[in-house]
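Step one of this worksheet: look at the structure below.
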Amino acid sequence: MSQVSYYTEEGLKKLKDELAHLEQVERPRVSQEIADARDKGDLSENAEYHAAKEEQSLLETKIAKLKNVVANARIIDESQLDNSKILIHSIVKLKNSTNGMEFTYTLVADSESDVRNGKLSVNSPIGKGLLGKTVGDVAEIQVPNGLMKFEVLEISR
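For the sequence shown, my numbering begins at 1 and goes up steadily by one.
Laid out in structure tokens, this is it:
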């Protein structure tokens, strides 16, 4: 069963670009590697051939999964979202109640996640714990290191 995922236009374009690269650049490259290895003779003892076939299998699996994600992707109309609570594509300013540090994250789909650049997956423990919260709420979130408490300082788009 396919799961619908929501993306920004930029995020969906990035997925489509990756898919095009895999299909138009990587697939022909791997096919050529297989052909070159096949030309070297006995396939039963040809490590290059078996490695290229394995790479092809992994590539085709990745392409199929990416096609499925793109087929089930939806672009969010951010003008229709409620700005009073945290949803996907919300930009949230948080304060760690334990140490007082402040963070700003944008909640995004899994494939757009990039914590170093402030993009946090809505399916991560922190992302799930923040969904639906409003300014002033304190989110208690269980993470691998223990329980964390974040105060929601600001929500924007």
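C-beta: ideal position from N, C-alpha, C; glycine also. Since the model is a prediction, treat every value here as computed from it, not as a measurement.
Have a look at the options and flag the residue whose alpha-carbon is nearest the alpha-carbon of residue i.
| i | options | result |
| --- | --- | --- |
| Asn-83 | Ile-155, Thr-8 and Ile-75 | Ile-155 |
| Glu-55 | Tyr-105, Leu-147, Ser-31 and Lys-95 | Ser-31 |
| Val-92 | Ser-111, Val-69 and Ile-126 | Ile-126 |
| Ala-64 | Arg-38, Lys-53 and Arg-27 | Arg-27 |
| Lys-14 | Ile-141, Val-152, Asn-68 and Glu-112 | Glu-112 |
| Ser-124 | Gln-3, Gln-142 and Thr-104 | Gln-142 |
| Val-69 | Tyr-49, Gly-11 and Asp-137 | Gly-11 |
| Glu-23 | Gly-118, Lys-67 and Val-122 | Lys-67 |
For a quick check, are the C-beta atoms of residue i and residue j less than 8 Å apart?
| i | j | result |
| --- | --- | --- |
| Ala-139 | Gly-146 | no |
| Leu-120 | Leu-87 | no |
| Tyr-6 | Arg-116 | no |
| Lys-149 | Thr-98 | yes |
| Leu-94 | Glu-151 | yes |
| Glu-48 | Ala-37 | yes |
Taking all protein chains shown into account, do 16 or more other C-beta atoms lie within 10 angstroms of the C-beta of residue i, making it buried, or fewer, making it exposed?
| i | result |
| --- | --- |
| Val-108 | buried |
| Thr-89 | Here the sequence assigns His to residue 89, which means Thr is not the residue at that position. It is buried - the Cβ of His-89 has at least 16 other Cβ atoms within 10 Å. |
| Ala-20 | exposed |
| Val-122 | buried |
| Thr-104 | exposed |
| Ala-52 | buried |
| Gly-106 | Sequence check: residue 106 is Thr here, not Gly. Buried is the call here. |
For residue i, which three-state DSSP category applies?
| i | result |
| --- | --- |
| Lys-40 | coil |
| Val-152 | strand |
| Ile-63 | helix |
| Arg-157 | coil |
| Ile-76 | coil |
| Met-1 | The predicted position of Met-1 is uncertain, since its pLDDT is 47 and thus under 50; a value taken from the coordinates is nonetheless stated next. Looking at Met-1 - three-state DSSP - the assignment turns out to be coil, as it is neither helix nor strand. |
- Message: Threshold first: 4 residues or longer. Then list the alpha helix (DSSP H) segments lying entirely within the region 82-143, N to C.
- Response: 125-130
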